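Numbering (the numbering used here), first residue to last: 1 to 404.
Report on one structure; see the data block that follows.
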């Protein structure tokens with residue numbers, strides 16, 4: 001018992017640390033210790049009171065069985081009164097869209113099904129002074145003597161200050177990007193007129209300089225647009241005009257436009273519009289209707305093809321549209337350099353770029369795929385990459401079809 005208390009006292013100093021990385025490990029530690037303290041209420045209370053963040057333990061019925069003093073302070077519930085009460089009654093958690101925690105987004109249910117720890121920062125609640133507080137919640141499963149899950153333990157870490165700083169940063173980036181778009185658009189417009197032989201006469205050398213300046217202005221405008229999109233996505237201010245439309249028409253139009261771009265680089269562009277055979281799931285006609293903003297989906301398709309063209313020195317680009325009764329799938333395959341396996345899982349992260357000589361030469365911000373993922377997930381779809389290093393890559397996304 002003395003050895004256990006000694007180990008606990010050493011652990012507590014470590015547990016009180018306030019960093020988020022540290023607190024994620026706290027859930028594992030609290031879960032492991034809780035499993036060993038069934039017979040010692042004093043040690044249990046000592047452990048819980050030493051953790052500065054709110055800690056809550058539940059059984060598989062979502063009923064509270066552990067409640068530390070920080071949780072009491074946050075909820076205004078006494079631990080005795082909270083015992084046996086459903087978690088959502090004590091902590092009225094809401095997601096970023098003001099929806100109450102439900103079966104679809106409940107992190108505890110996800111832990112029960114995945115049998116592993118998860119961390120989420122999508123919930124907030126009203127504190128006892130009626131202020132909205134944002135929390136990062138780390139949930140870890142607890143196990144009985146037969147190694148079966150019998151509940152979960154969660155550590156709530158207040159990230160309201162971090163969220164506030166993030167909002168301020170996003171507002172600054174959004175304002176700066178918006179203000180810069182107007183002069184950049186004017187520069188791009190005047191340069192476009194300067195290189196137009198019907199509007200201006202310049203010698204070949206000057207025209208070459210102007211064309212390079214024109215391309216740089218276009219690139220700068222795209223950068224500001226991407227930054228603006230990212231801040232709107234993160235602040236959930238992205239405005240979209242959802243409507244039911246046919247993906248076949250949209251993809252066909254984009255294919256026609258991007259075929260010209262591919263040919264300028266000496267690449268062969270193929271487009272295939274069809275259906276995937278799956279027994280009774282066969283869709284005879286390529287009529288794939290989805291409910292989304294067509295301009296946003298066009299942005300995603302164009303971005304994937306543009307990336308394929310940029311990172312393919314020679315060869316061809318294949319655009320494929322297929323589907324079944326549930327989903328439509330768009331695939332863009334290239335014959336470029338491919339992506340190493342260890343880097344594929346990071347491809348849709350913000351600002352992430354594969355680090356090699358070719359990507360450094362081409363340039364870019366690493367925002368395009370992050371925006372694409374955010375948009376596709378906004379419409380209930382998913383996006384992924386398949387690649388073999390040295391053999392090319394295939395970027396895919398799927399969207400749910402509108403049921404007729």
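Cβ coordinates follow ideal geometry from the N, Cα and C atoms, glycine included.
These figures come from a predicted structure and were not determined experimentally.
Residue 231: member of the alpha helix (DSSP H) spanning 204-234, first to last residue. Distances from the CA of residue 250 to each of 126, 227, 151, 299 were compared; the closest alpha carbon is that of 299. Counting other Cβ atoms within 10 Å of its Cβ, residue 337 reaches 16 or more and is therefore classed as buried. Around the beta carbon of residue 370, 16 or more other beta carbons lie within 10 angstroms, which makes this residue buried. Between residue 388 and the set 340, 377, 374, the nearest pair of CA atoms involves 340.
The criterion of a C-beta distance shorter than 8 Å is satisfied by residue 137 and residue 156. When secondary structure is reduced to three states using DSSP, residue 52 falls in the coil class, being assigned neither helix nor strand. The secondary-structure analysis by DSSP pairs residue 95 across a beta bridge with 123.
Close CB contacts of residue 211 within its chain, under the 7 Å cut and outside five residues either way in sequence, are with 195 (chain order). Within the model, the alpha-carbon separation for residue 118 versus residue 217 is close to 43 Å. Judged by DSSP in its simplified three-state form, residue 157 adopts strand.
Residue state for residue 130 is assigned as coil, using DSSP reduced to three classes. Residue 344 and residue 393 have their C-alpha atoms some 10 Å from each other.
In this structure, the beta-carbon distance from residue 221 to residue 303 does not fall below 8 Å. Counting along the chain, residue 397 sits inside the beta strand (DSSP E) bounded by residues 392-400. With contacts defined as CB atoms closer than 8 Å, residue 327 and residue 378 fail to qualify as a contacting pair.
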